[in-house]
Amino acid sequence: MDTLLPGAPAPATAGLLRDAPWMDEAGRRGPFELYDQAVLGEVRLLLVGAGATRWFVPVLDTEPGRPAAGTRAFDLAVVDALRAGLRLPTARGNVIEFRGAPAVYRGPLPFDPGWCSNALSLIDLGGTAHTHKSYRRIGTGNREAELLRLMADGGRTQRPVGDYTYVDTATGAREPLGVLYRFAEGEGLNVPLRAGIRALWPLLADGVEPDTAVGASQRDLVAPLRETGRFLRDFHRELAERLGPHPEFPAQAVLDESGERLARLTPRILADTRYPVAVREAAATGLSRELTRVSGLPARPWPTGPCHGDLHLSHVLRAERADGGWELCVIDLSTPRADPADPATAQSPWQDLAALTRGLEIFTADEFSDHAAGALGTDPEDTCRTALLQAAGARPDTPGWSEERLAGLARLRRAAGRWAARAGNLLADAGPDRDSHPAWRLLRLRRLIHELDYAYAHDRAYHAAINLRHAVETSRLPAGG
Ligand SMILES: Nc1ncnc2c1ncn2[C@@H]1O[C@H](COP(=O)(O)OP(=O)(O)O)[C@@H](O)[C@H]1O
Ligand SMILES: [Mg+2]
-8 MDTLLPGAPA PATAGLLRDA PWMDEAGRRG PFELYDQAVL GEVRLLLVGA
42 GATRWFVPVL DTEPGRPAAG TRAFDLAVVD ALRAGLRLPT ARGNVIEFRG
92 APAVYRGPLP FDPGWCSNAL SLIDLGGTAH THKSYRRIGT GNREAELLRL
142 MADGGRTQRP VGDYTYVDTA TGAREPLGVL YRFAEGEGLN VPLRAGIRAL
192 WPLLADGVEP DTAVGASQRD LVAPLRETGR FLRDFHRELA ERLGPHPEFP
242 AQAVLDESGE RLARLTPRIL ADTRYPVAVR EAAATGLSRE LTRVSGLPAR
292 PWPTGPCHGD LHLSHVLRAE RADGGWELCV IDLSTPRADP ADPATAQSPW
342 QDLAALTRGL EIFTADEFSD HAAGALGTDP EDTCRTALLQ AAGARPDTPG
392 WSEERLAGLA RLRRAAGRWA ARAGNLLADA GPDRDSHPAW RLLRLRRLIH
442 ELDYAYAHDR AYHAAINLRH AVETSRLPAG G
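Sequential numbering from -8 applies to the sequence shown in the numbering used here.
Dropping the structure here:
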């Protein structure tokens, strides 16, 4: 029987949670605990503990096995609650606070956000498109709504019109559950970049010299990518102004920590039997040489200040203006909390730029593997793996790699590498001698270590092969300027 008391969720809800694609595997195994809930119109808002994690799960009140996120009933109820400034009491005597002033709900709009960790729907509020984002996993220190409010006047992020929060009345602890913001027209940076790199291949096929082909395929991208670099610098400046004092970046501590992480990662690379020993050693050596080189570079002041926290190509939206320039907007603000007195919480805007550059390099590598496989008549995964072997100076060990194919692969790989480097220089506006700055090189290396850790933790062979190739190639970045 379904009551308003905390305890186990209704069996239908437990069924929903066991199959929830947005929940991690450990969470899906349960046990599930319904620790609080409230009814809002036709929707029941559940707060559920699943194993060690906590989740916000809106379901239809009459059908507790049916998720309410994305339904008209849920969107409408939330908009009405926001407009009314509702303080909704929960079964456990806590409260869900709705605040904001959205225009009246007029109906749903079609929207496909692609795969994402939270629930997003597009709705018409007073004639303007807005996004309703309700969070799934909670207890993560999320402060998107707060950041959007702080940044609203700058116009570089989405403009918030309301948010709702679970408030523990005993402790005052606040847990954001959802936010509504004005929809920013646009598409991720991956879209124009894809068009650019796909314009490279036919030029190379026609025998155009690689540097000329890279330049020609990026002709229309140069000005807007530079503009994006400036936009991101302004975004970081604004974020720093809004958030106030920030701790100094502990450069030596970050260098030491990167050394420790690399020491943990290296045995995994060396034990990775998917690749010949020489390849594993080349990747491990590439990383350790880079770390040694970074620690030997003359000390320079580190750029310090808050970062976006999850910057990748799809989190920078662009809409094309009539003059060909880009209207830009960053989304999914994930800035971690910083304590001015605690260096361990220090951030650097270059962390974002390093992450974005690496995102661009991985994106390019993916496009390259895909194109090379099509052009050479090979399998994409095998092509990606063979490109790694080739970069490490090893012979291919799978069938079909004639000398001609290998020469084609090498040519495409080098051109793709130059393409990514040139686009990255435009996008990550980190000063003229960026590549000789210890901060830039270390943050880049740290990101690569993080990506490899992730690829190993999630058993992603394709991404591991890309990242290992970049590890092999990493010390080939221009040395000290
Ligand atoms: N204003 C928008 N315009 C276009 N796409 C958007 C917009 N807002 C979100 N999206 C798409 O929805 C995805 C998920 O949104 P995001 O804020 O990143 O949610 P999550 O916290 O789940 O990652 C984005 O990566 C993007 O692809
Ligand atoms: Mg996102």
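Just so you know, even glycine gets a beta-carbon here, dropped at the ideal spot from N, CA and C.
- Between the C-alpha atoms of residue 1 and residue 48 there is a straight-line separation of about 12 Å.
- With contacts defined by Cβ atoms closer than 8 Å, residue 287 and residue 465 do not form a contacting pair.
- Nearest Cα to residue 304 within the set 353, 124 and 110: 353.
- A straight-line Cα-Cα distance of about 7 Å links residue 452 and residue 446.
- Rounded to the nearest angstrom, the Cβ distance from residue 298 to residue 339 is 7 Å, consistent with a contact under 8 Å.
- Secondary structure note for residue 320: its beta strand (DSSP E) is the uninterrupted segment 317 to 321.
- By the neighbour-count criterion, in which 16 or more other beta carbons inside 10 Å mark a residue as buried, residue 243 falls on the exposed side.
- CA-CA distance, residue 356 to residue 375, rounds to 8 Å.
- The C-alpha of residue 206 lies about 21 Å from the C-alpha of residue 314.
- Per DSSP, the unbroken alpha helix (DSSP H) holding residue 247 starts and ends at 242 to 261.
- Relative to the Cα of residue 420, the nearest Cα in the group 309, 325, 379 and 294 belongs to 294.
- Positions of the alpha helix (DSSP H) runs, each at least 4 residues long and wholly inside the region 1 to 32, are given as 2 to 9 and 16 to 19 in order along the chain.
- If you check the C-beta of residue 107 against ligand 2, you find a heavy atom less than 7 Å away.
- Within the same chain, Cβ atoms closer than 8 Å to the Cβ of residue 401 are found at 381, the five residues on either side in sequence being excluded.
- In the three-state reduction of the DSSP assignment, residue 325 falls in the coil class, being assigned neither a helical nor a strand state.
- The C-alpha of residue 231 lies about 14 Å from the C-alpha of residue 140.
- For the options 257, 191, 422 and 154, the alpha carbon positioned closest to that of residue 173 is the one of 154.
- Looking at 24, 46 and 342, the one whose alpha-carbon comes closest to that of residue 15 is 46.
- With a threshold of 16 other beta carbon atoms within 10 Å, residue 34 meets it and is buried.
- Burial of residue 411 is indicated by the presence of at least 16 other C-beta atoms within 10 angstroms of its C-beta.
- Beta bridge pairing from DSSP links residue 309 with 178 and 319.
- Cα atoms of residue 379 and residue 458: separation of roughly 9 Å, rounded to the nearest angstrom.
- Under the three-state reduction of DSSP output, residue 339 falls in the coil class, being neither helix nor strand.
- For a cut-off of 8 Å, the C-beta gap from residue 149 to residue 110 is around 16 Å, too long to register as a contact.
- The beta-carbon distance between residue 418 and residue 219, rounded to whole angstroms, is 6 Å. This is short enough to meet the 8 Å contact definition.
- If you draw a 10 Å sphere on the C-beta of residue 107, you find fewer than 16 other C-beta atoms in it, and that means exposed.
- Inside the region 65 to 111, DSSP marks no whole alpha helix (DSSP H) run of 4 or more residues.
- Within the chosen limit of 7 Å, ligand 2 does not reach the beta carbon of residue 27 with any heavy atom.
- The criterion of a C-beta distance shorter than 8 Å is satisfied by residue 74 and residue 92.
- Assigned with DSSP and collapsed to three states, residue 372 falls in helix.
- Collapsing the DSSP output to three states places residue 49 in a strand.
- Close CB contacts of residue 328 within its chain, under the 8 Å cut and outside five residues either way in sequence, are with 132, 134 and 336 (chain order).
- When beta bridges are read from the DSSP output, residue 121 appears opposite 114 and 173.
- Excluding its 5 nearest sequence neighbours in each direction, residue 236 has C-beta neighbours in its own chain below 7 Å: 331, listed in chain order.
- Rounded to the nearest angstrom, the Cβ distance from residue 5 to residue 42 is 13 Å, too far for a contact under 8 Å.
- For the set 119, 170 and 164, the Cα lying nearest the Cα of residue 136 is the one of 170.
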